[in-house]
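*Asks:* Below you'll find the structure I mean.
Numbering (my numbering), first residue to last: 572 to 795.
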């Protein structure tokens, strides 16, 4: 079952019941917008959603909502935002994954640094995070910390939308069967839709009108 909720995630999370979430999948705003032309303030004309949230309040709600001490919290980030995450809850940090996108970004900076083709996924948990080992078929090999899944951009999709195959990889391993995932800044809600296809319950929160109603239409069309 997919549940789509509209609003500020920190406010909406307060309305969810205690110990109701088995896995958090989070791609919070990184605050990567460039300075404005008039003196360094955040320039939000193109991406008004890219404003950092209060991590102290975020972790307060995560701790309340976690099913148990083994509930994993998966956090997409780059190095700069990763520092914010680490400093906000250092005792919960467990390890990192690397998503290799097979595509590159950062062409405007190509003269002074290599193009970027990866994102970090930090794994947080109070104790040892739930993890289901699923070997690769070829040679029965264990997965490594580098996840190589291509990112296919489509016109009109959310700028930070992740491929469904990546959500499948994460949800199958970090959310138990029949469990519930929460994506507090869901964007396209494809994390939620993928969870339901895998036999989990998915809850997503999004405050942007455009992306929320687009996801509602997609859900009604596909009867997720």
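The beta carbon of each residue, even a glycine, is placed where N, CA and C say it ideally should be.
1. What are the complete alpha helix (DSSP H) segments, minimum 4 residues, inside the stretch 686 to 767?
2. Within 7 Å (strictly less), CB to CB, does residue 677 reach chain D?
3. Compare the C-alpha of residue 722 against each of 689, 715 and 696 and name the closest.
4. How do the stretch 574 to 581 and the stretch 732 to 741 stand: do at least 3 beta-carbon pairs fall below 8 Å, yes or no?
5. To the nearest angstrom, how far is it from the Cα of residue 653 to the Cα of residue 792?
6. Bridge partners of residue 670, per DSSP?
7. State buried or exposed for residue 646, treating a residue as buried only when at least 16 other CB atoms are found within 10 Å of its CB.
8. Going by DSSP in three states, residue 651 sits in which element: helix, strand or coil?
9. Would you report the Cα separation of residue 753 and residue 770, rounded to the nearest angstrom?
10. Taking the alpha-carbon positions, what's the residue 701 to residue 682 distance?
11. How is residue 640 classed by DSSP in three states: helix, strand or coil?
12. Going by the beta-carbon positions, is the gap between residue 755 and residue 597 smaller than 7 Å?
13. In the DSSP output, what is residue 594 paired with across the bridge?
*Replies:* Taking the geometry as given:
1. 735 to 745
2. Looking at the structure shown, chain D is missing, and only one protein chain is on hand.
3. Walking along the chain shown from the start, residue 722 turns up at place 151. The residue with the shortest Cα to Cα distance from residue 722 is 689.
4. Output reads no: the stretch 732 to 741 does not touch the stretch 574 to 581.
5. Translated into the one-based positions of the chain shown, residue 653 becomes position 82. Translated into the one-based positions of the chain shown, residue 792 becomes position 221. Their Cα atoms are separated by approximately 37 Å.
6. The sequence position of residue 670 within the chain shown is 99, counting from 1. 690 and 718, per the DSSP bridge assignment.
7. Here residue 646 refers to the residue found at position 75 of the chain shown. By the Cβ-count criterion, residue 646 is buried, with 16 or more other Cβ atoms from all chains shown falling within 10 Å of its own Cβ.
8. The residue given as residue 651 occupies position 80 in the chain shown. Looking at residue 651 - three-state DSSP - the assignment turns out to be helix.
9. Here residue 753 refers to the residue found at position 182 of the chain shown. Here residue 770 refers to the residue found at position 199 of the chain shown. Taking the straight line joining both Cα atoms gives about 14 Å.
10. To locate residue 701, count along the chain shown from 1; it is residue 130. To locate residue 682, count along the chain shown from 1; it is residue 111. Going from the Cα of residue 701 to the Cα of residue 682 covers about 42 Å.
11. The sequence position of residue 640 within the chain shown is 69, counting from 1. Coil at residue 640, not helix or strand.
12. As a working note, residue 755 is residue 184 in the chain shown. As a working note, residue 597 is residue 26 in the chain shown. Yes; because the gap between Cβ atoms is below 7 Å, this pair is in contact.
13. As a first step, residue 594 must be located in the chain shown, where it is residue number 23. Bridge partners of residue 594: 752.
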